[in-house]
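Structure, as structure tokens:
Structural data, given as structure tokens:
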């Protein structure tokens, strides 16, 4: 990450503020092709390793054959070179391995899907969709990706030699996904059986208590091969413990509780082999009475940014706030650079399309969270964005198989789009939604 930032600064290139991630983060045993030490001749992707974005839905849609490693992005086409000796390889054995991600924009996430090349694939041919078979799916709860940064993926024992692993990070709030390929050389026998359980979680505590919910947090466990999750159990003051959740991180919001009731909680860690730690110390807490007034405001929203900007609209997104009794809505305010802020929208979700704007004009936005009792959070950091210039005439219809140069404009579905980069279409009708290829301008 530091090397990438330094290289960008030397070249005078600004790193995109909200895009997006790669494999090779803290706690990772493996590293993606575009950031793998020893790989040379990478071209532009060496300075944008986080930007391998394309339509989701792989393998039915997404990058075409021969363009999978580059996510179909012409300026990153060096990644699509494919021979048995072209790329440096991660040396691994069959069995579980940790894949850690570095995120520059931890989008709300649906899931991660990991694929591996089939036995008998040809390493001297371009990567094809049919080259891969599904290896593992890592489900997520639609929260930010960085709440689950490391995944334990098991490499099958029937694979050996050079293979390519394809990781697909499927974003929840757009139709796109991010694609990373990882070159591996699989040798030896599976590692010794994992029989060591994780350490027990410690310091179980309440982060917020309402009349019908308890927010729990604890200090994470450790394990020689990585913790895959936590088993959360609950009991009344005199009842038996029963599992109420399988958390992926070191926190959980337990809901649907009774007011003015004592509950006990204990937590155990689980690894990928199914080994279970000892339980944490029991934590006791009593929910509030329904009559207690709610005086605690939510936390301020963070990460306000634009997913798309046209001549007349800005598509805003932000990271959700938290509240001891739940966030009811978000208040969005807008101002010109010298004007006063005024509310332009309010809704329950973490996004808003602000329309009816003026082309080529700077606007400032800030967002606050509101709970059911009317408590209002502090405002987010102000985010400024400038709408694009008007389209200046009728643009030709978009051709999914056409060749386009950066700056070309096309019309599709009643909107005008501008090419972000030079590329060749392959007939995929979903590419017009890929923000790495097209951006709406009117």
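In our numbering, the protein residues as written are 457 to 898. Here a beta-carbon is modelled for each residue, glycine too, at the ideal position from N, C-alpha and C.
For residue j and residue i, believed in contact at Cβ under 8 Å, the rounded distance
i, j, result
"residue 419", "residue 544", "Residue coverage of the chain in this structure runs from 457 to 898, which leaves residue 419 outside it and unanswerable."
"residue 571", "residue 621", "7 Å"
"residue 677", "residue 651", "With 8 Å as the limit, residue 677 and residue 651 do not qualify as a contact, their Cβ atoms being about 16 Å apart."
"residue 512", "residue 595", "About 15 Å separates the two Cβ atoms, so there is no contact after all."
"residue 829", "residue 750", "4 Å"
"residue 552", "residue 610", "5 Å"
"residue 852", "residue 881", "Their Cβ separation, rounded to whole angstroms, is 13 Å, which puts residue 852 and residue 881 out of contact at 8 Å."
"residue 841", "residue 897", "Rounded, the Cβ-Cβ distance is 14 Å, inconsistent with contact."
"residue 745", "residue 669", "The pair is not a contact, with the Cβ atoms about 14 Å apart (cut-off 8 Å)."
"residue 834", "residue 818", "Contact doesn't hold; Cβ gap of about 23 Å is too wide."
"residue 768", "residue 813", "5 Å"
"residue 730", "residue 604", "About 19 Å; that fails the 8 Å criterion."
Pair within 8 Å by beta-carbon distance, residue i and residue j
i, j, result
"residue 775", "residue 743", "no"
"residue 582", "residue 521", "yes"
"residue 699", "residue 688", "yes"
"residue 619", "residue 573", "yes"
"residue 588", "residue 486", "no"
"residue 716", "residue 725", "no"
"residue 826", "residue 787", "yes"
"residue 727", "residue 661", "no"
"residue 822", "residue 836", "yes"
"residue 489", "residue 640", "no"
"residue 875", "residue 889", "no"
"residue 675", "residue 658", "yes"
"residue 510", "residue 499", "no"
"residue 804", "residue 785", "yes"
"residue 606", "residue 484", "yes"
"residue 887", "residue 868", "no"
"residue 707", "residue 673", "yes"
"residue 602", "residue 635", "no"
"residue 761", "residue 839", "yes"
"residue 764", "residue 895", "yes"
Residue nearest to residue i in terms of C-alpha spacing, selected from the options
i, options, result
"residue 653", "780, 670, 591, 735", "735"
"residue 514", "897, 884, 762", "884"
"residue 832", "791, 840, 782, 851", "782"
"residue 531", "888, 877, 895, 476", "877"
"residue 507", "486, 639, 479, 493", "479"
"residue 600", "640, 533, 609, 557", "557"
"residue 566", "625, 710, 555", "625"
"residue 593", "585, 623, 731", "623"
"residue 766", "856, 559, 811", "811"
"residue 616", "598, 604, 605, 576", "576"
"residue 590", "794, 608, 598, 569", "569"
"residue 629", "824, 772, 542", "772"
"residue 561", "793, 759, 843", "759"
"residue 584", "627, 608, 614, 517", "517"
"residue 492", "533, 546, 858", "546"
"residue 872", "739, 613, 844, 859", "844"
"residue 711", "695, 690, 502", "690"
"residue 714", "866, 755, 754, 747", "747"
"residue 548", "541, 644, 586", "644"
"residue 597", "703, 671, 631", "703"
"residue 752", "604, 563, 778", "778"
"residue 631", "694, 613, 865, 564", "564"
"residue 477", "729, 505, 709, 799", "505"
"residue 671", "612, 741, 793", "741"
"residue 613", "604, 793, 550", "550"
Run of the beta strand (DSSP E) containing residue i, from where it starts to where it stops
i, result
"residue 840", "839 to 842"
"residue 622", "617 to 627"
"residue 546", "546 to 548"
"residue 479", "477 to 479"
"residue 761", "758 to 765"
"residue 739", "739 to 742"
"residue 773", "769 to 775"
"residue 888", "Looking at the DSSP string, residue 888 is not in any beta strand (DSSP E), and its letter there is neither H nor E."
"residue 589", "588 to 595"
"residue 803", "798 to 803"
"residue 894", "894 to 896"
"residue 729", "Segment: none, residue 729 is in no beta strand (DSSP E) and carries neither H nor E."
"residue 558", "551 to 559"
"residue 808", "807 to 811"
"residue 539", "Residue 539 -> no beta strand (DSSP E), and no H or E assigned at all."
"residue 609", "606 to 611"
"residue 568", "565 to 573"
"residue 501", "Taken as a continuous stretch (DSSP letters only), residue 501 belongs to no beta strand (DSSP E), as it is neither H nor E."
"residue 509", "509 to 511"
"residue 423", "The requested residue 423 does not occur in the structure, where the chain is confined to residues 457 to 898."
C-beta neighbour in chain C for residue i, strict 8 Å
i, result
"residue 570", "In the structure shown, chain C does not exist; there is a single protein chain."
Residue i: CB within 7 Å of a non-hydrogen atom of the ligand ATP
i, result
"residue 890", "In the structure on display, the ligand ATP does not appear, and there are no ligands present to speak of."
Mind listing, in chain order, the continuous beta strand (DSSP E) runs of no fewer than 3 residues lying wholly within the region 674 to 717?
Note on the region 674 to 717: whole beta strand (DSSP E) runs with a minimum of 3 residues are 683 to 692, 698 to 703, 707 to 711, in chain order.
Which whole runs of the beta strand (DSSP E) in the region 816 to 881 are 3 residues long or more, in chain order?
Uninterrupted beta strand (DSSP E) stretches at least 3 residues long and entirely within the region 816 to 881 occur at 818 to 827, 839 to 842, 865 to 868, 871 to 875, given in chain order.
Ignoring anything shorter than 3 residues, give me the beta strand (DSSP E) runs that lie fully in the region 631 to 661, in order along the chain.
Those beta strand (DSSP E) runs which fall completely within the region 631 to 661 and span 3+ residues are 632 to 642.
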